[in-house]
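Taken in order, these protein sequences are the chains called A and B.
Just so we're aligned, residue 202 is where the first sequence starts under the working numbering, counting upward by one.
Just so we're aligned, residue 202 is where the second sequence starts under the working numbering, counting upward by one.
Number of protein chains: 2
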Amino acid sequence: MTPTVREPRQERSRTTRRRLVGAAVDCLAELGWAGTTVGVVAERAGVSRGAAQHHFPTREDLVVATVEFLAGEQIAELRERAETLPRGKSRAEPVARMLLNLYTGPKFRAALHLWVAASGDDALRRALTPLEAKVGREAHRVALDLLDADESRPGVRETVQATLDLARGLGLADLLSDDSKRRERLVRQWAKTLEPIVGEGGRA
Amino acid sequence: MTPTVREPRQERSRTTRRRLVGAAVDCLAELGWAGTTVGVVAERAGVSRGAAQHHFPTREDLVVATVEFLAGEQIAELRERAETLPRGKSRAEPVARMLLNLYTGPKFRAALHLWVAASGDDALRRALTPLEAKVGREAHRVALDLLDADESRPGVRETVQATLDLARGLGLADLLSDDSKRRERLVRQWAKTLEPIVGEGGRA
């Protein structure tokens, strides 16, 4: 019975991969790109170096998988929380809050380490550039869905983009000290910017 | 005649300091915080290690002076360019362009290296945190002046803050690839957000 033999092996392989990616998240947040080698991550994950290199031949492969994992997790979490949002214009403030708090926390910090390292490392930059575009598009799509905005209207696309760029700027401002009080005042103001475009998409 | 004897020495001291700070800017942009030691910077500046350590006893002292210098230069440049701006509502778009392009380029990249390093380095964080507050206040003041906005009106303070946070987010988005075309579309949209508050301060 080949399937029953193959299933657990695939399952084991997925588990190994997940453990490596999980260890890479911690490693990046603590040690940055410089300290995140396949060997160090394998040891943290309790996986043999050979098995780690089978999944991720290079450090770049490992961090690309890690960023994809973090971004995927964050987007899934946003979609889940979106289920609880009110409909119509009153979505504006809770959505502004969700989006402007998106890049605070250890996941953004781990990604930021990579982005800064990539600005001076060609191999890493080549690995991250297409991923940045992909993750950016996904974030844009989920923001559009959360806002229930109609992107065919003039200016809507730019307002959604500005929301995400603002959120990244707020992530930076939160890096060295707790900026949450100031951010909350911006959330309330930003909700007014979003109000005219919220709930016009006919989805929520 | 003591003054003529003291003047050149003070002048020499200022020149040494300027050379060290200039070398530190290049060093940070190329090598990041990890590679920016007082010794390396002194060698680049063609200054003796002893003289360098007289001016900057620690790496933290050196980078604080460097960030202050970069921020001061950038603000002076903004104020100079502000002289050429039109008055009234038509300032909105050129000011939006100046502000949203503020954090693109090698100076922001050098500062970003530091901020990311400081998130995992207590001594550096302690050195940068008060500076971040100071530089942030100065950027806010110059933005307010450029916009000629009246901060006593409700929401104006938050709109000015959002402009600078957005600019930092756009700086991040420009780190790995040229984001200038997308940014220019955001500038034109953002000018509409700024228009209601521009030229109400009675200064320009």
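Built from N, CA and C at the ideal position, the CB exists for glycine as well.
Since the model is a prediction, treat every value here as computed from it, not as a measurement.
{"Asked": "Alpha-carbon to alpha-carbon, Pro307(B) and Glu333(B)", "Found": "18 Å"}
{"Asked": "Close-in-space but distant-in-sequence residues of the same chain around Glu339(A) (CB under 7 Å, 5 per side omitted)", "Found": "Ala272 and Ile276"}
{"Asked": "8 Å Cβ cutoff, Ala293(B) in contact with chain C", "Found": "This model lacks chain C altogether, as its protein chains are A and B."}
{"Asked": "As assigned by DSSP and simplified to three states, the class of Met202(B)", "Found": "At Met202(B) the pLDDT is 48, less than 50, meaning the model places this residue with poor confidence; the figure from the coordinates comes in the next sentence. The answer is coil: DSSP assigns Met202(B) none of H, G, I, E or B."}
{"Asked": "Per-residue burial, Gly372(A) [other beta carbons within 10 Å of its own, 16 or more giving buried]", "Found": "buried"}
{"Asked": "Cutoff 8 Å: Val317(B) Cβ touching any chain A Cβ", "Found": "yes"}
{"Asked": "Rounded straight-line distance, which links the Cα of Val242(A) to that of Arg254(A)", "Found": "Reading the sequence as shown, one finds Gln at residue 254(A) and not Arg. Spanning the two alpha carbons is a distance of roughly 11 Å."}
{"Asked": "With 16 other Cβ atoms within 10 Å as the buried cut-off, status of Thr267(A)", "Found": "buried"}
{"Asked": "C-beta neighbour in chain B for Met202(A), strict 8 Å", "Found": "Interpretation of Met202(A) is limited by its pLDDT of 47, a score under 50 that renders its predicted location unreliable; no figure is taken from the coordinates."}
{"Asked": "8 Å Cβ cutoff met for Gly233(A) and Gly321(B)", "Found": "yes"}
{"Asked": "Candidates Thr364(B), Gly223(B) and Thr237(B), of which the one nearest Glu269(B) by Cα", "Found": "Gly223(B)"}
{"Asked": "Thr216(B) to Arg280(B) span [Cα, whole Å]", "Found": "25 Å"}
{"Asked": "Contact with chain A by Gly306(B), beta-carbon distance below 8 Å", "Found": "no"}
{"Asked": "Three-state secondary structure (DSSP) of Asp322(B)", "Found": "coil"}
{"Asked": "Test: Thr237(A) CB closer than 8 Å to a CB of chain B", "Found": "no"}
{"Asked": "Of the listed residues Thr360(B), His314(B), Leu365(B) and Glu352(B), nearest to Val336(B) (C-alpha basis)", "Found": "Leu365(B)"}
{"Asked": "Under the three-state DSSP convention, the category Arg219(A) falls into", "Found": "helix"}
{"Asked": "Interface flag, Leu279(A) vs chain B, CB-CB below 8 Å", "Found": "no"}
{"Asked": "DSSP state of Asp455(B) mapped onto helix, strand, coil", "Found": "Any answer about residue 455(B) is impossible in this case: the structure gives chain B only from 202 up to 405."}
{"Asked": "Cross-chain neighbours of Leu371(A) in chain B, by beta carbon under 7 Å", "Found": "Asp366"}
{"Asked": "Candidates Gln362(A), Glu231(A), Leu347(A) and Glu274(A): closest to Leu315(A) by CA position", "Found": "Glu231(A)"}
{"Asked": "Alpha helix (DSSP H) segment containing Thr360(B), residue limits", "Found": "Val357 to Ala374"}
{"Asked": "Distance, Leu303(B) Cα to Glu274(B) Cα", "Found": "12 Å"}
{"Asked": "Environment of Ala319(B) [buried if 16+ CB atoms lie within 10 Å]", "Found": "buried"}
{"Asked": "For Phe257(A), the three-state DSSP class (helix, strand or coil)", "Found": "coil"}
{"Asked": "Residues of its chain near Cys228(A), where Cβ-Cβ distance is below 8 Å and the 5 sequence neighbours each way are ignored", "Found": "Gly236, Thr237, Val241, Val242 and Arg245"}
{"Asked": "Endpoints, alpha helix (DSSP H) assigned at Ser381(A)", "Found": "Ser381 to Leu395"}
{"Asked": "Exposure label - Arg219(A); buried when at least 16 CB within 10 Å", "Found": "exposed"}
{"Asked": "Top-ranked residue by Cα proximity to Ala328(B), from Gln211(B), Leu263(B) and Gly403(B)", "Found": "Leu263(B)"}
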